[in-house]
Structures are given as structure tokens and as C-alpha cells.
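A.B. asks: Going by the numbering used here, the first residue of the sequence shown is number 132, and it counts up by one from there.
The beta-carbon is built from N, C-alpha and C at its ideal position, and this holds for glycine as well.
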Amino acid sequence: MKNVTGLFACVWLWLLMVTGCSKNGSDLGPAVDAALVVGSWQVTQLTANPAVVSPTYGANSDVLLLYQQNIGRDCVGPARYVFLPDGKLHLTTSTECQNQLNSLFGFMTANWRTSGRELRIEGVYDALSYTVTQQNAQTMVWQRTVYNSPFDGKTHQYIMTLSKR
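Right, here's the structure in full:
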């Protein structure tokens, strides 16, 4: 009986180690293909669950719409993430909108790298990690969970869809 109990305990520990090592599911599925990341990408959808609360516009799960309302459609629309093969990232927009996007995102240039399903963007003041849940030559979908948001103290899951332009 002791041998069966010991075997059961060993199997249980092994299962915990195998299933408990992934923090956010970033090891599930294929790794990010860095060659497909290279290029110019436009954010076409950005959602939050639960909805974020804007003091001006109220609760909304469409974060891209909130950005458009706060800094203008003319600034958000032409904005692009340009990923270069050397690991550099440039956020581009019209000259009139650079200050607004810099204050919103905290960078106009950064570095990027991939590891497994993770895409990491490292700016001067901050580093953000995203789990890439979908990737092909024309579309990427990123997911990021923010715990204890500085805005409302809630945990938010953000999903960003980008299209190659």
C-alpha cells in the first residue's frame, strides 16, 4: 500500500510540475515567428475585459475607440508599429501627432524580441510582454493581462489585433 501511495504522490507531483510551469499559457501553441513580425503594423482592434472606465466617456471595452476619442482619429489611424529585423521598433504617425502618441505609449522607439509565444517590447521607461495568440503574414493578435491596474485597481485582459500595412 505504501508503494502505491508513494507512486501516486510522485505522479501527482510530476503532473503539477508539468501543468503548473506556464504562467499565462505562453508555452501553449507554436512559437512566434520573428520573421513574420518584421514589417509595418496598424492596430485595428483593442479591447479590454472588463471594460475600462474613462472619466469623460464612461465604461467601454473598445479601448481603440477611447484612444480615438481622447487623442483624435487622425492621430490613431495613421499610427504604425514598424518592426525592423535588427530588433528595433518605431512607432510612426503624422508629425502633428508624435507628442500625443509619445505621451500615450511612452515611446516612439523601442527594442523588441521574441521568446516562445512571447513578444517583448522594451522602451526607455517600460517593458511590456504580450502573448501572441495568433500570427500569420497579415494578422497578429496579442494578449496582455494587467493586474491591479493603476487606473481602477482591477485586473484587465487586453486583446490587440494588428494588421500588416
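Kindly provide the ranges of any beta strand (DSSP E) runs that are 3 or more residues long and lie completely inside the segment 201-242, ordered along the chain.
C.D. replies: Counting whole runs of 3 or more residues, the segment 201-242 contains the beta strand (DSSP E) stretches 211-214, 219-223.
A.B. asks: Enumerate in chain order the residues of its own chain whose CB-to-CB distance from C152 is below 6 Å, with the five nearest sequence positions on each side excluded.
C.D. replies: Looking up residue 152 in the sequence shown gives position 21. Reliability fails at C152, whose pLDDT of 38 lies under 50, so the model's placement of it is uncertain and the value that follows must be treated cautiously. Counting only Cβ-Cβ distances below 6 Å, and skipping sequence neighbours, we find nothing.
A.B. asks: Taking C-beta to C-beta, are T224 and C206 nearer than 8 Å?
C.D. replies: The residue you call residue 224 lines up with position 93 of the sequence shown. The residue you call residue 206 lines up with position 75 of the sequence shown. Taking 8 Å as the Cβ cut-off, T224 and C206 qualify as a contacting pair.
A.B. asks: Pick from N242, R296, P281, V277: whose alpha carbon is nearest that of Q288?
C.D. replies: Looking up residue 288 in the sequence shown gives position 157. Ranking N242, R296, P281, V277 by Cα distance to Q288 puts V277 first.
A.B. asks: Could you check which residue in Q173, G203, A190, G170 has the C-alpha nearest to that of A179?
C.D. replies: On the sequence shown, position 48 is the one that residue 179 refers to. Residue A190 is the option with its Cα nearest to A179.
A.B. asks: On the premise that G170 lies in contact with F214, defined as a C-beta separation below 8 Å, what is that separation, rounded to the nearest angstrom?
C.D. replies: In the sequence shown, residue 214 corresponds to position 83, counting from 1. In the sequence shown, residue 170 corresponds to position 39, counting from 1. That pair is a contact at about 6 Å.
A.B. asks: Provide the residue span of the beta strand (DSSP E) that contains A190, from first to last.
C.D. replies: Counting from one through the sequence shown, the residue named residue 190 turns up at place 59. Counting along the chain, the beta strand (DSSP E) containing A190 begins and ends at 189-193.
A.B. asks: Would the beta-carbon of L250 fall within 8 Å of that of T175?
C.D. replies: One-based indexing of the sequence shown puts residue 250 at position 119. One-based indexing of the sequence shown puts residue 175 at position 44. It is not a contact, given that the beta carbons lie outside the stated cut-off.
A.B. asks: Going straight from the alpha carbon of P181 to that of W273, what length do you get?
C.D. replies: Counting from 1 along the sequence shown, the entry for residue 181 is found at position 50. Counting from 1 along the sequence shown, the entry for residue 273 is found at position 142. Cα-Cα distance, rounded: 17 Å.
A.B. asks: Quick one: Cα of Y188 to Cα of L197, how far?
C.D. replies: As a working mapping, residue 188 is identified with position 57 in the sequence shown. As a working mapping, residue 197 is identified with position 66 in the sequence shown. Taking the straight line from one Cα to the other gives about 8 Å.
A.B. asks: So, with DSSP's three-state summary, where would you put A162?
C.D. replies: Translated into the one-based positions of the sequence shown, residue 162 becomes position 31. In this structure, A162 counts as coil in the three-state DSSP scheme.
A.B. asks: Relative to the C-alpha of M271, which candidate in P281, C228, D257, M291 has its C-alpha closest?
C.D. replies: Residue mapping note: residue 271 aligns to position 140 of the sequence shown, counting from 1. Comparing Cα positions, the closest option is M291.
A.B. asks: By how many angstroms is the C-alpha of Q200 removed from the C-alpha of G156?
C.D. replies: Taking the first residue of the sequence shown as 1, we reach residue 156 at position 25. Taking the first residue of the sequence shown as 1, we reach residue 200 at position 69. Residue placement at G156 is poorly supported in this model, since its pLDDT is 44, which falls under 50; the coordinates are not used for a value here.
A.B. asks: For C228 and chain D, any beta-carbon pair shorter than 8 Å?
C.D. replies: Going by chain labels, chain D is absent from the structure shown, which holds only one protein chain.
A.B. asks: Taking the beta carbon of R248 as the centre, do at least 16 other beta carbons fall within 10 Å, making it buried, or is it exposed?
C.D. replies: As a position in the sequence shown, residue 248 is number 117, starting the count at 1. Under this definition R248 is a buried residue.
A.B. asks: For Q265, name the three-state secondary structure that DSSP assigns.
C.D. replies: Here the question's residue 265 lines up with position 134 in the sequence shown. Three-state result, Q265: strand.
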